[in-house]
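Visitor: Supplied in structure tokens, the structure appears directly below.
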Amino acid sequence: MTPQNPSARFFPTFLALVTLMLSLCMAPAWAAEKSAKRGIAYDIALPADLSALSAGVSWWYNWSPRPHDRLASYDYASMYGVDFIPMVWNGNVDDGQLKQYLLAHSAIRYLLVINEPNLLDQANMTPEAAASFWPRLEQIATQTGVKLVGPAMNWGTMPGYGDPVVWLDAFYTAYRSMNQNRDPRIDYLAFHWYDYGLPGCSTDWQSTESPSGSPSSPIGTPRMTERRLIQSTSRNARWRRWSLPSSSARTCSDTPGSRAG
């Protein structure tokens, strides 16, 4: 999730300070357990922040196709062992520029796509709009070799599609009707979780079933990519028909608030 204005560049100051303090305090504990599954959602702008986080964090994203301009000249992967994961936040993207960036940064393996489409103040894309847009993402993935991670689902505010499973079912139906009954390419499905008053860490789950209940569905493995520091009491989230059998890695990330590309 991002603020209502996705072009906002920074978190509230106190949250940014909390994030940095947590990263500095927890770095010694993370050093022995750095995991490729652990990342952070934040518009990191300073190499010093990457250095502080690198003991336990392997990747970050900032709701944008590119990292902050201040990091453009840094080889952050080699220097800090932290990878940037670009995002196509909604359907407003320059395909050519994105393709050019991905080809120029061949180490990028994943592309996050469509952030919370069933929230009116987020990507705000109907299943039909997302299905119409999806072939463009597939073409970019084919031409650059990245894996598509998304849509990033949550309980939403879109009339008729508050349930993420209902949205996904409609998305599949629309895509198939537009593409000779072919299934969309989804390498990984992201989902966001904001409930139960847990601390600012969440868990990376793997699913044995798709939203349609078919183990053979091409959706693949859902990946947690976002979790709030602040408790949410506005939603009683349940992912019905989804099997979430085990947790494997603690994932620390923050309340959203950054820029979008």
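Numbering (mature numbering (1 follows the signal peptide of the UniProt record, and there is no 0)), first residue to last: -31 to -1, 1 to 230.
Backbone N, C-alpha and C define an ideal beta-carbon position, used for all residues, glycine too.
Please read all numbers here as calculations on a predicted model, not as lab measurements.
Over the uninterrupted alpha helix (DSSP H) stretch that includes Trp103, give me the two end residues.
Guide: 96 to 113
Visitor: Cβ atoms of Ala121 and His161: under 7 Å apart, would you say?
Guide: yes
Visitor: What whole-angstrom Cβ distance do Lys156 and Leu117 have, given they're in contact under 8 Å?
Guide: It should be noted that the sequence gives Asp, not Lys, for residue 156. Their Cβ separation, rounded to whole angstroms, is 5 Å, which keeps Asp156 and Leu117 in contact under 8 Å.
Visitor: Taking the continuous alpha helix (DSSP H) assigned at Gly65, which residues delimit it?
Guide: 64 to 73 is the extent of the alpha helix (DSSP H) around Gly65.
Visitor: In this structure, does DSSP put Ser47 in helix, strand or coil?
Guide: helix
Visitor: Rounded to whole angstroms, what is the Cα-Cα separation between Tyr45 and Ser146?
Guide: Take the alpha-carbon of Tyr45 and the one of Ser146: they are about 43 Å apart.
Visitor: Is it the case that the segment 86 to 94 contacts the segment 31 to 49, given that we only count it when at least three CB pairs across the two stretches are under 8 Å?
Guide: no
Visitor: Quick one: residues in its chain with C-beta nearer than 7 Å to the C-beta of Tyr49, no 5 flanking neighbours on either side, listed in chain order?
Guide: Leu19, Ser20, Ser23
Visitor: Going by beta-carbon coordinates alone, are Trp136 and Asn61 separated by less than 7 Å?
Guide: no
Visitor: Could you tell me how far apart the beta carbons of Ile54 and Val26 are, in whole angstroms, since I believe they sit closer than 8 Å?
Guide: In fact, because the Cβ distance is near 12 Å, the residues do not count as touching under 8 Å.
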